[in-house]
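Student:
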Amino acid sequence: MSYQPQTEAATSRFLNVEEAGKTLRIHFNDCGQGDETVVLLHGSGPGATGWANFSRNIDPLVEAGYRVILLDCPGWGKSDSIVNSGSRSDLNARILKSVVDQLDIAKIHLLGNSMGGHSSMAFTLKLAGARRQTGADGRRYGRHEFVYADANRRY
């Protein structure tokens, strides 16, 4: 059987996640069936979603044998919104942990763009333990918890 390209509608899924005493309906796209899973976290620009930011990356990853998860962070795409008085990155990290735990995925390869990069770092530093790997393209301005190669320079 030949490979069929992934579509947004065919891969669209929802999970309920508890956060701050509320149940949020969180949207994600679940593509492919590989033994290893790549999770991609989008940035925060207008119209940003997992699919909008990363759809061109799905087919090469699936063809290479990976399962690919594109998460819509709370307030973006088809995911419910929530008023958040704390760190947006920490919120996104908690949502990601809940989704990964509900899907019973033991190890992920995590990549994030912009806000997604910062959320990836929050997840790795605070929630992941030693069972997950992260790569990030985080924000360039403002204070960042991630220490770069030059420890005297903060972004």
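For the record, in the sequence shown the residue sitting at position 79 is 101 according to the working numbering, with numbers rising by one throughout.
The beta-carbon is built from N, C-alpha and C at its ideal position, and this holds for glycine as well.
1. Could you work out which residue in Ile127, Leu118 and Lys129 is closest to Leu63 when comparing CA atoms only?
2. For the 8 angstroms Cβ check, are there 3 or more pairs between the segment 34-45 and the segment 56-72?
3. Going by C-alpha to C-alpha distance, which of Pro96, Arg89 and Gly72 sits closest to Ser109?
4. Where does Arg78 land, buried or exposed, given buried means 16+ other C-beta within 10 angstroms?
5. Using the three-state DSSP reduction, which class does Asp52 fall into: helix, strand or coil?
6. Three-state secondary structure (DSSP) at Gly134?
7. Going by the beta-carbon positions, is the gap between Arg89 and Thr59 smaller than 9 angstroms?
8. Quick one: grab the DSSP three-state call for Ser34.
9. Applying the criterion that 16 or more other CB atoms from any shown protein chain within 10 Å of the CB defines a buried residue, is Thr33 buried or exposed?
10. Can you tell me which of the three DSSP states Leu113 falls into?
Tutor: Straight from the coordinates:
1. Counting from 1 along the sequence shown, the entry for residue 63 is found at position 41. It is Leu118.
2. Below 8 angstroms, too few C-beta pairs join the segment 34-45 and the segment 56-72 to call them touching: fewer than three.
3. Stepping through the sequence shown from its first residue, residue 109 is reached at position 87. It is Pro96 whose Cα lies nearest to the Cα of Ser109.
4. Numbered from its first residue, the sequence shown carries residue 78 at position 56. Under this definition Arg78 is an exposed residue.
5. Reading the sequence shown from its first residue, position 30 is the one you call residue 52. Residue state, collapsed to three classes: strand.
6. Position 112 of the sequence shown, counted from the start, is the residue given in the question as residue 134. In the structure shown, Gly134 sits in a strand (DSSP, three-state: E or B).
7. Reading the sequence shown from its first residue, position 67 is the one you call residue 89. Reading the sequence shown from its first residue, position 37 is the one you call residue 59. It is a contact, given that the beta carbons lie within the stated cut-off.
8. Along the sequence shown, one-based indexing puts residue 34 at 12. Here DSSP, grouped into helix, strand and coil, assigns Ser34 to strand.
9. Locating residue 33 in the sequence shown gives position 11, where the first residue counts as 1. Buried is the call here.
10. Position 91 of the sequence shown, counted from the start, is the residue given in the question as residue 113. DSSP, reduced to helix, strand and coil, places Leu113 within a helical segment of the structure shown.
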